[in-house]
């Protein structure tokens, strides 16, 4: 279906919004009136700009407080409408959104509303314009879509139809099944927005917290499917009032928006891009740095061995069990301090994964590849992290590891792997996101990789709340934690970490300490509280306290974890899960974050 | 009364919080458990630190999910409590907050709850500790203060009392009158927080939006008065979970907090600082700059005359009607581009105004004053703007204008003042605040100057929402608009403007244009919409459009306004109010803000 976006959903002046949404690939646009009023472009110039960009103007909106009013107000409202028809003719727009009145002087009289809307439609038709009447969730007398439709039906004018808005419908808990009762040709427009489920005054909820479909808690797909079943053939159009999008860059927000519509079409059964090739684990994490020496020290202490050297690039492979870390001193590493710049995921079908990624607007990363290198598809996540689709050492596919020449005997590696406390695999990766791309990042990882999102958590950092949401494959093979730091400019606003799984964290920590690498000190007060809360066996508690290991449990099992110091933007976590524990130790986050601040700044 | 603050209300590590609240002048502290758990300080060290700082530890909190549970859970909960008693003994804290249970296994049985709390109190008493039981607004079975009190009464143990929390009481709409029924000596503690009135899930409301008393919509003073009438003699203690305070500097938040308590005591009739000397108008606005040439050009075009030169400092006085602008090239001006650094307010009693300001923690600005200068009291507002208390050319007080030597004949000034379109006075001043000091700034201007606050508005800027709230004297003589820009680091995050009142804005604008100073261009689209909305007489509309004057009206009158270009951080607005219009043209803010962005960056 055609795809549109209301200008209010993007930041900046009108001309930049139009460019951004055309560049992203939208077909059309809803002109939000305030954007036109604040623009130095005349309606004719906007029309021309849209034509140049290949955008149709699908809707002009909103026209407020029209219907069910006394005669003198009606006369003024019709005059007001005529002025807007004139603007629309200059714009080349032929559909006007009229939202249900909130005016105190409007009366609760459907027949009056219908009669006045019929009059308006008649005036509009004279200009070749149609009217789409929509129920605002907070409309004074008309606040549900079925009520708005009854009035439209009663008015019975060919230039009058209804506009369905998923926010107004779903925020009130209305059942979209009733959409089936509306003839498709009378659904003149379909506006889409999602929102997180929250108990908040609906007007505030609407004005500040709307988000793109798939980023909130509404079943927007079911609503779209119902409208299409009813016969709706107009565009899918996003209208999102969101405090964050208002501040974010228009270009990236527009891509995020279009991706959400593409995924929505798939969810609603209206399209079938290549299915997600859900990854089964991490193939590698790539750390880039001009000087890898500090990272090498930490990796050695953690038991990693330098096992390979890329045959064509300044990249080292370090391994332990199935955990693989690449150290890259190439171009990207020279631009910044140690940072996690890429991750590889094990996927059952790298080609399909890449095809899907491209279909849902994941930017493909151009590779400078030697003719002999294994093919490797990668896309960039919203935060710039490159995601590679890998099949590591499987017979059915060339392996990226083939590009590395061995530098350590595998026997020596095996010996390390089998020692107690060895790292088995990457348990999870945590990436702090730019503050304005958090919801986009969650949807990206769900839509592109086929991961599932946990609930969003607020973690108490000494300097504010960290918003945190995990996305993971159903079996937990790939787990990525997306965070947003409270202060976008603070040094911790770009932290990343790699959590390494072991079956014996006690031995692992003892070995790390023997090798002279300190772990994050945890206050004694934490262990006294842990004793009060969890009644651990005293000797075990003493060991955890001695080694600075944090502890959590859920109804399935236990979680033990500890942290290295931070090198550049990166630190490592050692974790041991037992019995199917599902979380990431959120219970301990406040203590860990406080300890990290103190460790960085000196206690 | 003694004043305390819960550590959770401030940002940073525990040791910095303690220093901040002692420095601000608090008497005591509530130790929020997570702050201790994340601290490397032992309880003994915290005790010592508090003693050194002169702080008593008034409460240790919270102890959760204790009461009305099965026997085995009770045993575990008592063990947990004993661990906490041990920590409290080391801290030297003798009061523990127990909040009503949210645990699924707790049962709705007051007698059981009372019996178990009695048991807890008995255990506590053995350590010299008392228990303050509080109803959480979202408690599973106990969620109102009167219910919590009935259970405490039933338990009937000398070491068990109740804790009243204004948020939990007022967020549920409970009537604090019932506090009179609680014997004062059984109110063991009083926790205070305000919050903006909003329809939001009470847990989210509590965790993110609490604020200091006077900054929200609750009548906290009435609750305090009721508790004191009932006989409560403990501290007034603030416990505020607020997303902004978590990020703001602890030192300034602590001062803001203590000021709110001082004003609360006054509101509750518990103290009587010198009454506010409500200002009647602006004496001056002071602009500082290394190079005042661009400002002089704008002032001349606006019709101001350079009338005086300070006898001892590099400060010029510019006048028109009762509007006075100081141009300062002294120390503060050299540190930054043109900026509004001070304002003078006309006050009936400068000495009382200064005394009150000092009593409510407005930092007094040290003056380097010549022996011959008129005495001038000034305090610093939270954003650093200096506020001077003035009596300009009144017989009962030395006038600050006496420090200026005339440089223009008053006759020439009078001639300008009587010409059509002359500026009469400063209508209002708008100051963009640091994002984390918005609520503090509103309370400061209310509490220190005796101004009244309008509702908070969200204005749509092309790059986000501007939060805006006006504070004004009842007669409108002093009006200050406090704004917060959407992006704290953007160039518009520190804008300030001076709005100048005229009786004839048409003539004023024509003169400014004749003098070759351009005003902010307003898009033609705005005037077409204005015609549609307001049906102005065509000739008048044409004039407004020609001159770039914005228009608004309310039920009392009209408002016409326009803007100069921005010089440094400062711009000027010309305004004409007729018939008692009360606002500031918020209707036009989106168009104006869009025009300003375009004007700064080129259309």
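Protein chains in written order, with the working numbering: chain A, 1 to 603; chain B, 604 to 1206. Ideal Cβ positions, reconstructed from N, Cα and C, are used throughout, including at glycine. It should be emphasised that the depicted structure is a prediction, and the values quoted were computed from it without experimental measurement.
Neighbour flag for residue i against chain B, beta carbons, 9 Å
i                      : result
residue 525 of chain A : yes
residue 333 of chain A : Only weak support exists for where residue 333 of chain A lies, its pLDDT of 49 falling under 50; the value from the coordinates is given anyway. So no, residue 333 of chain A is outside the interface.
residue 486 of chain A : yes
residue 463 of chain A : yes
residue 177 of chain A : no
residue 12 of chain A  : yes
residue 604 of chain A : Nothing about residue 604 of chain A can be reported from this structure: the residues present for chain A run from 1 to 603 only.
residue 585 of chain A : no
C-alpha gap between residue i and residue j, whole angstroms
i                       : j                       : result
residue 333 of chain A  : residue 444 of chain A  : Because the pLDDT of residue 333 of chain A is 49, which lies under 50, any placement of that residue in the model is unreliable, and the number read from its coordinates should be weighed accordingly. The straight-line gap from Cα to Cα measures roughly 25 Å.
residue 259 of chain A  : residue 440 of chain A  : 9 Å
residue 257 of chain A  : residue 214 of chain A  : 10 Å
residue 231 of chain A  : residue 183 of chain A  : 7 Å
residue 534 of chain A  : residue 481 of chain A  : 26 Å
residue 490 of chain A  : residue 381 of chain A  : 22 Å
residue 450 of chain A  : residue 226 of chain A  : 25 Å
residue 759 of chain B  : residue 963 of chain B  : 41 Å
residue 487 of chain A  : residue 247 of chain A  : 15 Å
residue 1230 of chain B : residue 822 of chain B  : A query on residue 1230 of chain B cannot be resolved here, the shown segment of chain B reaching from 604 to 1206 and no further.
residue 5 of chain A    : residue 280 of chain A  : 36 Å
residue 1191 of chain B : residue 1031 of chain B : 17 Å
residue 848 of chain B  : residue 814 of chain B  : 9 Å
residue 676 of chain B  : residue 662 of chain B  : 25 Å
residue 237 of chain A  : residue 119 of chain A  : 27 Å
residue 46 of chain A   : residue 127 of chain A  : 19 Å
Beta-carbon contacts of residue i that lie in its chain and below 6 Å, excluding the five residues immediately before and after
i                      : result
residue 979 of chain B : 991, 1003
residue 354 of chain A : 377, 389
residue 826 of chain B : 769, 779
residue 757 of chain B : 717
Sequence-distant residues of the same chain with beta carbon closer than 7 Å to residue i, five excluded per side
i                       : result
residue 364 of chain A  : 358, 379
residue 1110 of chain B : 1023, 1024
residue 1039 of chain B : 847, 850, 851
residue 321 of chain A  : 417, 422, 423, 424, 425
CB contact check: residue i to chain A, cutoff 9 Å
i                       : result
residue 641 of chain B  : yes
residue 1060 of chain B : no
residue 801 of chain B  : yes
residue 707 of chain B  : no
residue 690 of chain B  : yes
residue 919 of chain B  : no
residue 1131 of chain B : yes
residue 1220 of chain B : Residue 1220 of chain B is absent from the model: chain B starts at 604 and stops at 1206.
Whole-number beta carbon distance between residue j and residue i, since they are thought to touch under 8 Å
i                       : j                       : result
residue 1097 of chain B : residue 1169 of chain B : In fact, because the Cβ distance is near 11 Å, the residues do not count as touching under 8 Å.
residue 1062 of chain B : residue 1196 of chain B : 7 Å
residue 700 of chain B  : residue 664 of chain B  : 4 Å
Sequence-distant residues of its chain with Cβ nearer than 8 Å to residue i (five each side left out)
i                      : result
residue 41 of chain A  : 14, 15, 49
residue 553 of chain A : 534, 559, 581
residue 541 of chain A : 527, 530, 531
residue 198 of chain A : 205, 209
residue 386 of chain A : 286, 341, 342, 343, 365, 378, 379, 380
residue 161 of chain A : 130, 131, 132, 133, 152, 185, 186, 187, 188, 189
Handout entry: Contact between the region 58-78 of chain A and the region 1160-1180 of chain B (3+ Cβ pairs under 8 Å)
Key = no
Exercise for the section: Pair every Cβ in the region 508-528 of chain A with every Cβ in the region 447-467 of chain A, then say whether three or more of these pairs are closer than 8 Å. Expected result: no
Exercise for the section: May I ask you to verify whether the region 753-769 of chain B touches the region 686-693 of chain B, counting CB pairs closer than 8 Å and requiring at least 3? Expected result: No: fewer than three Cβ pairs fall under 8 Å.
Handout entry: Stretch pair the region 500-511 of chain A + the region 272-285 of chain A: three plus CB contacts closer than 8 Å
Key = no
Problem - Stretch-stretch touch, CB-based, cutoff 8 Å, three pairs: the region 1109-1116 of chain B with the region 1063-1079 of chain B - result: no
Exercise for the section: Count the C-beta pairs between the region 131-142 of chain A and the region 164-171 of chain A that are closer than 8 Å, then say yes if the count reaches three, no if not. Expected result: The way I'd put it, the region 131-142 of chain A does touch the region 164-171 of chain A; three or more beta-carbon pairs between them come closer than 8 Å.
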